[in-house]
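Visitor:
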Amino acid sequence: MIKKLTVLVSALCISSSVWANTQAKFEDYVADLKAEAQSKGYEQALIDSAFATAKFKKKVITNDKNQPEVVETLETYLPKRVPQWKINQARKLYKEHKTILEKIAKEYGVQARFIVALWGLESNFGRIQGGYPVISALITLAFDGRREALYKRQLWAALDILKSGHITLDDFKGSWAGAMGQTQFMPTSFNAYAVDYNNDGRKDIWTTTEDAFASIANYLKQAGWNDDLTWGRQIQLPEGFDHKYVLKRGTKTRKQWLAYWQDSERSLQDWQALGLRRADGSDLPKVSVTAALVMPDDINGRMYLAYDNYKALMHWNRSYYFATSVGYLSDRIGYPKI
Numbered sequence: 057m058i059k060k061l062t063v064l065v066s067a068l069c070i071s072s073s074v075w076a077n078t079q080a081k082f083e084d085y086v087a088d089l090k091a092e093a094q095s096k097g098y099e100q101a102l103i104d105s106a107f108a109t110a111k112f113k114k115k116v117i118t119n120d121k122n123q124p125e126v127v128e129t130l131e132t133y134l135p136k137r138v139p140q141w142k143i144n145q146a147r148k149l150y151k152e153h154k155t156i157l158e159k160i161a162k163e164y165g166v167q168a169r170f171i172v173a174l175w176g177l178e179s180n181f182g183r184i185q186g187g188y189p190v191i192s193a194l195i196t197l198a199f200d201g202r203r204e205a206l207y208k209r210q211l212w213a214a215l216d217i218l219k220s221g222h223i224t225l226d227d228f229k230g231s232w233a234g235a236m237g238q239t240q241f242m243p244t245s246f247n248a249y250a251v252d253y254n255n256d257g258r259k260d261i262w263t264t265t266e267d268a269f270a271s272i273a274n275y276l277k278q279a280g281w282n283d284d285l286t287w288g289r290q291i292q293l294p295e296g297f298d299h300k301y302v303l304k305r306g307t308k309t310r311k312q313w314l315a316y317w318q319d320s321e322r323s324l325q326d327w328q329a330l331g332l333r334r335a336d337g338s339d340l341p342k343v344s345v346t347a348a349l350v351m352p353d354d355i356n357g358r359m360y361l362a363y364d365n366y367k368a369l370m371h372w373n374r375s376y377y378f379a380t381s382v383g384y385l386s387d388r389i390g391y392p393k394i
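Residues in the sequence shown are numbered from 57 upward in steps of one, following my numbering.
1. How is D353 classed by DSSP in three states: helix, strand or coil?
2. Would you identify the three-state DSSP class for I195, choosing helix, strand or coil?
3. Whose C-alpha, out of W212, A213, G280 and Q140, is nearest the C-alpha of Y50?
4. Grab me the residues of E204's own chain with a C-beta within less than 7 Å of its C-beta, minus the 5 sequence neighbours each way, in chain order.
5. For the alpha helix (DSSP H) containing R137, list its first residue and its last residue.
6. Distance, Cα to Cα, D104 vs A93?
7. Between the segment 141-156 and the segment 235-249, can you find at least three pairs of beta-carbon atoms closer than 8 Å?
8. Could you say if the segment 229-240 and the segment 178-197 meet the contact criterion of at least three C-beta pairs nearer than 8 Å?
9. Is the Cβ-Cβ distance between L215 and L89 less than 8 Å?
10. Count the other CB atoms within 10 Å of the CB of L189; is the residue buried (16 or more) or exposed (fewer)?
11. Looking at Q185: is its Cβ nearer than 8 Å to the Cβ of Q238?
12. Quick check on I389: buried or exposed, where buried means 16 or more other Cβ atoms within 10 Å of its Cβ?
13. What's the gap between the Cα of I171 and the Cα of I272?
14. Exposed or buried, what is R183 when buried is set at 16 or more other beta-carbons lying within 10 Å of its beta-carbon?
15. With DSSP run on the structure shown, which of helix, strand or coil describes E302?
16. If the criterion is Cβ atoms closer than 8 Å, does the pair M359 and Q290 meet it?
17. Beta-carbon within less than 8 Å of L285's beta-carbon, same chain only, minus the 5 sequence neighbours each way: which residues are those?
Next up, the structure:
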């Protein structure tokens, strides 16, 4: 018993020593960041207030390094991400906000059902935004060093948000990775796409629903959204179909992914001639539209003809599962018509 206690005390002492060493290094890192912020021209008052709140968040590192590696397929992913209750809630909230949603949709050229779908999938319609202090989360991730340059860019963007007065430091909360508000924008995305729709002087994606809706719409518009198109459709492949026509997976950059998209892209008439049909077996639409053939799983999984708007969804989050879930939820919101 005494031996076990001795081992336990020894382990606790080592753990305490490691923690003290990490904390000291973190404080030195914060001091270097403050100096860098000064060199970038940020006001001393902003630097002092923002960095005074900086704390090393061990759980942020744990979350970053231990993200679950669950083997999923669309057959398991979609029911979890888009359950019936979320579809019902999305349709209910669309109806409640219909006037402002359709006004924003018209102004930005983005169908309202996609705004609601992204709102629902990113933050459960604004209910789950994250409670981590954004500054501390970003500094912790930069300090960890795995993607230091990325998170330092996000940190400077976060300081710009505070400098512009869009939110107070006390309310500046988000996910463990620094994604914020009802839209779950990273700070650089906030600065690029967030909108002060109600003209109160603040781009408030945290508490102002119309700002969040307009920010989502603006993001999609800037990403090349085409209001004349939907996102895509599930299709059937003919027997013996040549897999060379399927959009390649495993891309490391968006540029490479777009090149593969271009290789796969064909007109609906060409896809019809190659034997593709709608999921119910009927002919493809006779419209002048191009599409790429997307395979989220393997060749035996669901297959989609994806239109240009799918590229905008993949710009938001380059995940076939995510983009497809947005499209699927948007269809369930839009049909039957509310």
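All C-beta atoms in this analysis are idealised placements derived from N, C-alpha and C, irrespective of residue type, glycine included. Just so we're clear, the structure is a prediction, and the values are computed from it rather than from any experiment.
Guide: Once the coordinates are examined:
1. coil
2. helix
3. The question about residue 50 has no answer here: the residues shown for the chain are numbered 57 through 394.
4. A198
5. L130 to R137
6. 10 Å
7. no
8. yes
9. no
10. Sequence check: residue 189 is Pro here, not Leu. By the neighbour-count rule (16 or more Cβ atoms within 10 Å), P189 is buried.
11. yes
12. buried
13. 6 Å
14. exposed
15. Rather than Glu, the amino acid found at residue 302 in this sequence is Val. The answer is strand: DSSP assigns V302 an E or B state.
16. yes
17. V345, Y363, D364 and N365
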